[in-house]
Amino acid sequence: MVQYFQHPPFTAIRNSRRLHKAFAQLWGTVDLWVRTDRVGFNVPERPGWRFPGPDLHWDVSIATPIPFGVEGIAYLTDRAAEQGAFTCVPGFHRRIEAWLAGLPTEADPRTQGLHALGARPIPGRAGDLIVWHHALPHGSRPNRAQRPRIVQYVSMYPARTKHQLTWLFSIDQRLTVGAANHVRSHQALAGVRPLCCLPLVDQMDGAERERDHRERDR
Ligand SMILES: O=C(O)CCC(=O)C(=O)O
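Using the working numbering, the letters of the sequence shown correspond one by one to residues 2 to 219.
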């Protein structure tokens with residue numbers, strides 16, 4: 002990841018009508034907020050540089066039921082499968098609940114062998130957009146090619162998105178510090194207020210959300 006957010010081409014992508022149309026179709030509304038996210042720069046592995054991740058993970062709580070949600074990534078360079086391509090477990094949003102239910106109570110879902118669930122790299126061309134259901138385990142992978150891969154994380158979502166209010170799960174030790182930090186940084190990027198206590202609870206109540214919405218619409 003590179004802390005690089007503002008550049009005219011990034012803004013052009015965020016303002017792209019085709020991109021908006023894709024997210025609007027998936028969310029079922031045109032009234033979408035645009036997330037200003039950063040760039041993913043994954044350089045080829047070499048002696049002294051090993052792929053630092055992220056390996057397969059979820060960016061959201063996987064406490065069930067998992068509300069619908071999608072995230073996106075735009076390829077800024079061509080990206081072959083072995084060039085650190087975005088990787089996910091296609092279709093897993095349809096079986097995640099059964100999979101979770103089948104885990105032993107003490108098992109941490111996030112530290113299972115997620116690649117064995119059927120992870121696949123998704124190669125693409127510069128200009129392609131990948132949108133994935135946020136219940137899919139997803140991540141990047143080592144870049145074993147000669148050239149870096151560069152992507153822009155770009156997502157749109159309705160102001161009234163449903164959030165799962167609990168994080169799976171501090172009280173039965175399923176929460177790791179890394180996972181908590183990960184969700185906090187994503188929530189900060191998504192404009193959700195930072196969370197300071199567990200269980201993770203979206204601290205904006207209904208009235209506050211309404212106010213927020215009205216201010217935005219003014
Ligand atoms: O950069 C990638 O290919 C993966 C991105 C990712 O894991 C994320 O946005 O959470």
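A virtual CB, placed ideally from N, CA and C, is assigned to each residue, including glycine.
Residue 103 CB to nearest heavy atom of ligand 1 below 7 Å: no
Start-to-end residues for the beta strand (DSSP E) that takes in residue 159: 157–159
Run of the alpha helix (DSSP H) containing residue 101, from where it starts to where it stops: 97–102
Residue nearest to residue 161 in terms of C-alpha spacing, selected from 41, 31, 39: Out of 41, 31, 39, 31 has the C-alpha closest to the C-alpha of residue 161.
Same chain, Cβ closer than 8 Å to residue 178, neighbours up to 5 away in sequence not counted: For residue 178, the pLDDT reaches just 45, beneath the cut-off of 50, and the residue's location in the model is therefore unreliable, although a value from the coordinates is still provided. For residue 178, where only same-chain residues beyond five positions count, there are no Cβ hits under 8 Å.
Reduced DSSP category for residue 80 - H, G, I as helix; E, B as strand; rest coil: strand
Exposed unless 16 or more other CB atoms sit within 10 angstroms - verdict on residue 8: It counts as exposed.
Sub-8 Å separation of residue 15 and residue 35 beta-carbons: Yes. Within cutoff.
Residues that residue 146 bridges to, as DSSP identifies them: DSSP, once it has assigned bridges, lists no residue as partnering residue 146.
Backbone secondary structure at residue 19 - three-state DSSP: When secondary structure is reduced to three states using DSSP, residue 19 falls in the helix class.
Residue 24: CB within 7 Å of a non-hydrogen atom of ligand 1: no
DSSP-derived helix/strand/coil call for residue 7: In the structure shown, residue 7 sits in coil (DSSP, three-state: anything other than H, G, I, E or B).
For residue 41, the nearest candidate out of 112, 105, 54 (CA to CA): 54
Paired residues, beta bridge with residue 33 - DSSP: 159
Element boundaries [beta strand (DSSP E), containing residue 131]: 130–134
According to DSSP, residues forming a beta bridge with residue 113: DSSP lists no partner for residue 113.
Three-state class that DSSP yields for residue 170 in the structure shown: Unreliable positioning characterises residue 170 in this predicted model, as indicated by a pLDDT of 45, which lies under 50. The coordinate reading is nonetheless provided below. In the structure shown, residue 170 falls within a coil segment according to DSSP collapsed to helix, strand and coil.
Bridge partners - residue 73, DSSP secondary structure assignment: Residue 73 is bridged to 132.
Residue 108 versus residue 89 - alpha carbon distance: 21 Å
Reference residue 39, options 142, 78, 11, 59, closest by Cα: Among 142, 78, 11, 59, the Cα nearest to that of residue 39 is on 11.
Beta strand (DSSP E) segment containing residue 42, residue limits: First-last of the beta strand (DSSP E) with residue 42: 40–43.
Nearest to residue 147 (by Cα), restricted to the options 28, 45, 6: For residue 147, the closest of 28, 45, 6 by C-alpha to C-alpha distance is 45.
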